[in-house]
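According to the UniProt record's numbering, the sequence shown holds residues 1 to 248 in order. Built from N, CA and C at the ideal position, the CB exists for glycine as well. Predicted model only: the values in this text are computed from it and were never measured. Take a look at the structure set out below.
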Amino acid sequence: MMDATAEKVIEISQLQKSFGDLEVLKSVDLTVRKGEVVCVIGPSGSGKSTLLRCVNLLESPSGGSVTVGGTDLTDPDIDIDAARTRIGMVFQSFNLFAHLSVRDNLTIAQRRVLKRSKAEANKVAEQTLEKVGLGEKIEAMPSQLSGGQQQRVAIARALAMNPEVMLFDEPTSALDPELVGEVLSVMRQLADEGMTMLVVTHEMAFARDVADQVVFMAEGYVVESGPPSQVVVAPTEERTKQFLRRVL
Ligand code: ADP
Ligand code: MG
């Protein structure tokens, strides 16, 4: 829940990102405090994925700064692998290892990156799968699961690493409509448990009901941000109103 004095888990300041001549992020400021859910909304191509990718070090910023858990990711001397383990990421396209069982999907990074013992990694895998309602699927292969189940496994895989913050990039956009609810309900549960989350989504009901802050982005800028009662329900900027008319 929103607590204006809680520590800043993510602090993005004047973030810029260009690909050649294309300026995708022009100057983005955004703060996510511990226990907060921040939803980023905005038209396709506005730079939402690029923003998340800069937070997860999949892209390097062209300017400005990104600080996660007190570590400035733009400092060339940081331990990138250590910084990455603090951040869980869930993508639109699930990105499970297709040739590995659910169990191995959940244990491989725990073993290799966190150096957990096999027994410990298995215990955490079982616990996190239970949490997303898929305890009985531990021996399944990803291809045997529905899209909604695969995405819940992807969430469990990220949680098994005990991240300080979870990033979601349109986690339900690739799902058949009847499977969206089960993924959103796992995300709501995580939010209720106090997980710090930065979520790019087109699910306006989720943003309205779960987010502490909603950030509307367009053309590489934050156009409007604030509580959902303001940004989703009573936006002041014309561009936000236009966008909401199209998606609601
Ligand atoms: P969104 O997630 O809001 O739809 P993106 O961050 O994916 O937006 O993309 C914003 C813009 O950046 C788009 O015009 C896209 O084509 C461009 N872009 C994203 N990644 C790259 C890249 N690696 N190289 C070149 N252009 C890119
Ligand atoms: Mg995107």
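Using a Cβ-Cβ cut-off of 6 Å (strictly less than) and excluding sequence neighbours within five positions of residue i, which residues of its own chain qualify?
i    : result
E182 : G148
F91  : D169
C39  : V199, T201, A207, A211 and V214
V102 : K137, I138, A140 and V153
G63  : Q16
T31  : K8 and E11
S49  : D169
From what residue to what residue does the beta strand (DSSP E) around residue i run?
i    : result
K8   : K8 to F19
K48  : Looking at the DSSP string, K48 is not in any beta strand (DSSP E); the run it does join, the alpha helix (DSSP H), is K48 to V55.
D169 : V165 to D169
G194 : Where G194 is concerned, there is no enclosing beta strand (DSSP E), given that its DSSP letter is neither H nor E.
Q213 : Q213 to A218
V37  : V37 to I41
M161 : M161 -> no beta strand (DSSP E), and no H or E assigned at all.
M89  : I87 to V90
So is residue i buried or exposed if we call it buried at 16+ other beta carbons inside 10 Å?
i    : result
F94  : buried
L73  : buried
P235 : buried
V9   : buried
I80  : exposed
A119 : exposed
L96  : buried
P177 : exposed
Indicate, with yes or no, if the ligand MG has a heavy atom lying under 7 Å from the CB of residue i.
i    : result
V66  : no
S18  : no
D169 : yes
S49  : yes
Could you name the residues of the same chain whose beta carbon sits closer than 7 Å to that of residue i, not counting the 5 residues immediately before and after it, in chain order?
i           : result
V66         : I12, L15, C54, V55, L73 and T74
A174        : Q92, S93 and G147
G45         : none
R33         : D3, A6, E7, K8 and V9
residue 288 : Shown here, the chain extends from 1 to 248; a query on residue 288 therefore has no answer.
Is residue i near the ligand ADP, with its Cβ less than 7 Å from a heavy atom?
i    : result
L46  : Strictly speaking, residue 46 in this sequence is Ser, with Leu absent from that position. At least one heavy atom of the ligand ADP is nearer than 7 Å to the Cβ of S46, so yes.
G42  : yes
V24  : yes
S225 : no
T201 : no
Taking the continuous alpha helix (DSSP H) assigned at residue i, which residues delimit it?
i    : result
L106 : V102 to R112
K26  : Segment L22 to R33 is the beta strand (DSSP E) holding K26; no alpha helix (DSSP H) there.
V231 : P228 to V231
V247 : E238 to V247
T128 : K118 to K131
By Cβ distance, which residues of its chain are closer than 8 Å to residue i, with the 5 residues on each side in sequence left out?
i    : result
D29  : I12, S13, Q14, L15 and V222
N122 : R103 and T107
I78  : T71 and D72
Mind checking if residue i is an interface residue toward chain C, Cβ cutoff 8 Å exclusive?
i    : result
L159 : Within the model displayed, chain C is absent; a lone protein chain is all it includes.
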